[in-house]
Every structure is written in C-alpha cells, then in structure tokens.
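Student:
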Amino acid sequence: MYFIGELKGSSPDLKISLYKWNSKFFVKFETPDLEQVYKISEMDVSEDEIRAMVNEEFIEKIITRFKEMYQDLGELMGDY
Numbered sequence: 006m007y008f009i010g011e012l013k014g015s016s017p018d019l020k021i022s023l024y025k026w027n028s029k030f031f032v033k034f035e036t037p038d039l040e041q042v043y044k045i046s047e048m049d050v051s052e053d054e055i056r057a058m059v060n061e062e063f064i065e066k067i068i069t070r071f072k073e074m075y076q077d078l079g080e081l082m083g084d085y
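Residue numbers 6 to 85, in my numbering, belong to the letters of the sequence shown in order.
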C-alpha cells in the first residue's frame with residue numbers, strides 16, 4: 006500500500022490518511038483505538054476529488070460514527 010499523505014482535517018485526535026493500492030484509493034480515519042477505511046476506485050474519482058470530498062461535513066459524520074463505535078465497544082467490554 007502506497008501512502009500518499011495526510012488530508013486536511015487531521016488532528017491529534019483524528020488522523021486522516023490517503024493511500025493507494027490495487028487501483029483503489031483508501032481514505033483512512035484513525036483514533037487511538039479505532040479506525041474507519043473507505044475504499045474508492047481510481048476509475049471513479051481523482052486524488053483531488055477525494056481531497057475535496059473529505060470536508061468538514063463529512064468529517065463530522067465520521068466523528069459521530071466513531072462515538073457510536075466507542076459506545077458499542079464500551080457496551081461489549083462491559084459484558085466481560
């Protein structure tokens with residue numbers, strides 16, 4: 006997998022990275038404990054289009070999803 010670089014919106018709490026591999030772009034969102042990865046075909050978008058798509062509105066949705074994931078993990082761990 007080829008690392009292209011970090012995307013606008015990255016912070017110490019949320020790292021946003023762009024990779025390329027096997028004719029796909031991978032947009033990876035990472036917190037210290039969890040990650041979300043979106044795979045998008047190179048045939049569908051360019052690198053510049055991906056950079057434009059990862060905007061504040063989309064990042065807010067990612068953060069909301071992370072909160073839900075942390076809640077799910079907390080509930081799961083409470084069962085042990």
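All C-beta atoms in this analysis are idealised placements derived from N, C-alpha and C, irrespective of residue type, glycine included.
#1: Pick helix, strand or coil for Lys13, following the three-state DSSP scheme.
#2: Roughly how many angstroms lie between the CA atoms of Gln76 and Thr69, to the nearest whole one?
#3: Across the segment 27-38 and the segment 52-72, are there enough close Cβ pairs to call them in contact, namely three or more that are closer than 8 Å?
#4: Mind pulling the beta strand (DSSP E) runs of 3 or more residues that sit fully within the segment 10-65?
#5: May I have the straight-line CA-CA distance separating Lys44 from Leu78, to the nearest angstrom?
Tutor: Let me spell this out:
#1: In the structure shown, Lys13 sits in coil (DSSP, three-state: anything other than H, G, I, E or B).
#2: Cα to Cα, the separation comes out at about 11 Å.
#3: A contact exists between the segment 27-38 and the segment 52-72.
#4: For the segment 10-65, the full-length beta strand (DSSP E) segments reaching 3 residues or more read 20-26, 29-35, 40-46 along the chain.
#5: Counting only the Cα atoms, Leu78 lies some 24 Å from Lys44.
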